Amino acid sequence: MQHTRGLTTVVSTVSSNEFDTEDAFIRNLNPIHYSKRAQQINNNPRPTLKQPGAITPPVIWGRNIHSTLVASLFSIGVVSLAPCLVVFFWIALDWFEGSLLHTGLSFLSNDKLAWVALYSPQFHLPDFVAYVAWFLFQAGLYTYLPGPLGTGQLTPAGYQLQVPSYTNGFSAWLITNVLFVSLCILDVLDPAIIAKHWSGLLLSANIMGFLLSFFAYFKAHFFPTHRSDLKLSSSHAYDFYMGIEFNPRFGSTWDFKLFTNGRPGIVAWTLIDLSFIAWQYQTHGYVSNSIVIATILHAIYVIDFFVNEDWYLRTLDIAHDHFGYYLAWGSLVWLPSMYTLQTQYLARYPMDLSWPVAAAILGVGVAGYIIFRSVNWQKDVVRRTNGECLIWGKKAEVLVFDYVTQDGGKHKSLLLCSGWWGLSRHANYLGDLILSYSMCATCGLKHILPWFYAIFMTILLLHRCHRDEQRCAVKYGQQWEKYVARVPWKLLPGVY
Ligand code: NDP
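If you're matching positions, the sequence shown starts at 1 in UniProt numbering and goes up one per residue.
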């Protein structure tokens with residue numbers, strides 16, 4: 001069946017009479033996994049499309065709700081193994097000179113429980129109290145610092161959420177860093193304090209990460225903020241892992257997702273680096289050029305994030321992902337522990353780069369960052385100006401696509417297809433990868449452990465290409481194919 005709407009032609013493969021509600025559509029797609037529980041909650045408060053004779057398939061874009069046994073097992077696996085991996089890496093760094101191989105062999109050749117008891121980080125109440133104080137301090141800055149008004153993207157249910165005063169991340173980052181450095185200069189704090197208490201803080205962050213994930217899960221069931229944006233599948237494990245609520249909030253504006261993703265973990269990133277630099281100095285008597293370059297590259301990435309915090313409101317994390325373990329635990333534990341592995345490694349095992357190599361790594365890293373920023377800027381400016389802007393000196397070329405939200409509202413979206421976005425559909429990931437590999441190159445080739453960040457980013461971003469495009473294909477229907485035909489390369493033109 002073919003329908004013409006506005007500027008585009010939409011080919012609908014689903015008869016509107018067959019599926020005049022979203023749930024009927026979902027049931028038909030996957031009757032086995034459309035469980036009673038998911039049916040109750042997905043059915044209940046969600047409005048049906050206003051016009052039963054609507055011309056597009058009912059909207060199901062957003063978080064996947066077709067859970068399979070594989071998805072459940074995968075979720076259980078990630079939730080239980082990711083914290084073990086974080087601890088395993090810390091043990092490798094602290095006890096086995098950064099060798100994952102020796103750590104693994106030692107684990108396999110010893111009594112497992114005794115091994116875990118001997119090497120695992122120990123819980124210390126003062127570390128936990130310090131971590132909670134850190135969390136509350138960031139929450140205070142998030143709540144009370146003034147900042148410009150941010151506007152989120154339309155949610156699948158049709159909400160356009162306001163983010164008043166919370167795009168104040170740069171002030172929060174600056175105040176925190178200046179305070180930390182000042183307290184160190186005044187001799188109130190040992191600058192290596194974070195590095196020295198790292199194992200206790202890691203454990204505390206894990207506790208907080210799980211508490212927040214459970215809170216998000218139960219809040220979604222018992223007092224959700226926007227019912228019509230809830231997404232439940234037939235799997236508790238998958239729901240816990242990927243999240244149910246889209247924008248859980250205290251009151252109408254205090255946004256959990258923006259706070260958790262954008263504050264305690266990312267603000268800590270540069271502080272952790274500084275503390276490990278101080279520790280390197282205290283342990284080895286000097287500061288290596290490699291740790292300084294790694295920290296500069298991290299700092300560029302972090303500062304960019306805060307300066308462009310409003311842009312972050314229109315990225316996948318905030319605009320499309322639901323809030324569960326993936327974002328909550330990931331932002332509180334995974335990010336600060338695994339993204340800082342390079343400086344953690346270099347603080348213990350300094351690496352002295354020749355100046356040409358150091359300059360090359362820094363230059364390539366900065367080039368990666370410039371690509372990353374300019375690609376992201378092009379997308380953002382096109383959306384903000386409704387396509388009325390110049391890209392690489394020429395008027396932006398855009399495709400105008402239609403989509404509908406669950407309330408039946410019809411909307412238009414602009415997809416840029418010139419500039420970077422005419423070369424590949426995810427050129428921003430390419431810039432990010434160049435930067436990631438440069439960060440890791442500061443650590444040399446002796447061990448794979450400090451390269452984990454680059455390996456992880458490669459997997460994450462390749463998977464994102466797939467995940468994002470699946471969602472876009474559902475959101476825009478056959479219009480998406482038109483875009484793919486116009487910009488055929490996913491990541492690297494001519495290769496992939
Ligand atoms: P994008 O910012 O590219 O956002 C993807 C969304 O943009 C799509 O879902 C679609 O949303 C819209 N879009 C797609 N194509 C176009 C186009 N041609 N023109 C305009 N809009 C388009 O991706 P991410 O949110 O994944 O990443 C943002 C940045 O953050 C990237 O640079 C990435 O490298 C980085 N990143 C870093 C991570 C880290 O841990 N360090 C993790 C993840 C990302 P819509 O529905 O609005 O059309």
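For every residue, glycine included, the Cβ atom is placed at its ideal position computed from N, Cα and C. Fair warning: this is a prediction, and the values are worked out from it, not measured in the lab.
Residue i vs residue j beta-carbon contact at 8 Å
i, j, result
"Gly152", "Gln160", "yes"
"Leu145", "Asn168", "yes"
"Ile483", "Leu415", "Before going further, note that residue 483 is Tyr rather than Ile in the sequence given. In this structure, Leu415 lies closer than 8 Å to Tyr483 by Cβ."
"Leu327", "Ala205", "no"
"Phe89", "Leu341", "yes"
"Ala216", "Phe256", "yes"
"Ile258", "Ile244", "Correcting the residue identity first, residue 258 is Leu in this sequence and not Ile. It is not a contact, given that the beta carbons lie outside the stated cut-off."
"Val87", "Ser120", "yes"
"Ile391", "Gln406", "no"
"Ala358", "Ile293", "yes"
"Ala396", "Ser418", "yes"
"Val364", "Ser413", "no"
"His236", "Asp273", "no"
"Leu212", "Thr260", "yes"
"Tyr349", "Gly98", "yes"
"Phe210", "Trp134", "no"
"Leu316", "Asp187", "no"
"Leu105", "Ile448", "no"
Residue i classed as buried or exposed, judged by whether at least 16 other C-beta atoms fall within 10 angstroms
i, result
"Thr283", "exposed"
"Val132", "exposed"
"Trp355", "exposed"
"Tyr238", "buried"
"Leu179", "exposed"
"Phe305", "buried"
"Ser337", "buried"
"Lys36", "With a pLDDT of 44 at Lys36, under the threshold of 50, the modelled position of that residue is not reliable, and no figure is offered here."
"Cys443", "buried"
"Ala38", "A caution first: Ala38 carries a pLDDT of 44, below 50, which makes its placement in the model unreliable, though a value can still be read off. Label assigned to Ala38: buried."
"Pro57", "The predicted position of Pro57 is uncertain, since its pLDDT is 41 and thus under 50; a value taken from the coordinates is nonetheless stated next. It is buried - the Cβ of Pro57 has at least 16 other Cβ atoms within 10 Å."
"Pro191", "buried"
"Val404", "buried"
"Ala24", "Low local confidence applies: a pLDDT of 36 at Ala24 is under 50, so the model's placement there is unreliable, with the coordinate-based value given in what follows. That one is exposed."
"Gly285", "exposed"
"Ala485", "exposed"
"Ile300", "buried"
"Ala117", "exposed"
"Asp127", "buried"
"Phe452", "buried"
"Thr253", "exposed"
Of the listed residues the options, nearest to residue i (C-alpha basis)
i, options, result
"Ser171", "Val78, Gly243, Val302", "Val302"
"Trp269", "Ala195, Pro148, Phe107", "Ala195"
"Ala441", "Leu362, Lys410, Cys472", "Leu362"
"Trp489", "Cys443, Leu460, Ser438, Gly422", "Gly422"
"Val474", "Arg486, Glu245, His320", "His320"
"Pro248", "Leu230, Pro264, Leu271, Phe240", "Leu230"
"Phe137", "Leu113, Gly104, Trp173", "Trp173"
"Pro148", "Ile318, Val307, Ile193", "Val307"
"Leu183", "Arg486, Leu271, His322", "Leu271"
"Gln479", "Gly393, Phe401, Gly408", "Phe401"
"Leu73", "Glu97, Ser234, Arg467", "Ser234"
"His322", "Pro156, Val78, Pro83", "Pro156"
"Arg314", "Thr343, His447, Arg384, Val129", "Arg384"
Nearest-angstrom Cβ-Cβ length linking residue i and residue j, presumed shorter than 8 Å
i, j, result
"Val382", "Val398", "6 Å"
"Ser199", "Gln280", "Between Gln280 and Ser199 the Cβ distance is about 17 Å, and since that is not below 8 Å, they are no contact."
"Asp310", "Phe372", "Not a contact, Cβ separation roughly 17 Å."
"Leu491", "His426", "5 Å"
"residue 500", "Tyr312", "Examination of residue 500 is not possible in this model, given that the chain is present from 1 through 496 alone."
"Leu141", "Ile175", "6 Å"
"Phe107", "Trp95", "About 11 Å; that fails the 8 Å criterion."
"Cys465", "Tyr429", "7 Å"
"Ser288", "Met351", "6 Å"
"Ser75", "Tyr241", "4 Å"
"Leu189", "His411", "With 8 Å as the limit, Leu189 and His411 do not qualify as a contact, their Cβ atoms being about 50 Å apart."
"His226", "Phe246", "7 Å"
"Gln344", "Leu93", "6 Å"
Residue i - partner residues in DSSP beta bridges
i, result
"Tyr238", "For Tyr238, which the question treats as bridged, DSSP gives no partner whatsoever."
"Trp254", "Phe250"
"Leu399", "Leu415"
"Gly150", "Val163"
"His391", "Residue identity differs from the one stated: residue 391 is Ile in this sequence, not His. Looking at the DSSP assignment, Ile391 forms a beta bridge with Lys394."
"Lys410", "Val404"
Contact test: residue i Cβ vs the ligand GTP heavy atom, cutoff 7 Å
i, result
"Phe372", "This structure lacks the ligand GTP; the ligands present are the ligand NDP."
Cutoff 8 Å: residue i Cβ touching any chain D Cβ
i, result
"Tyr369", "You won't find chain D in this structure, because it holds only one protein chain."
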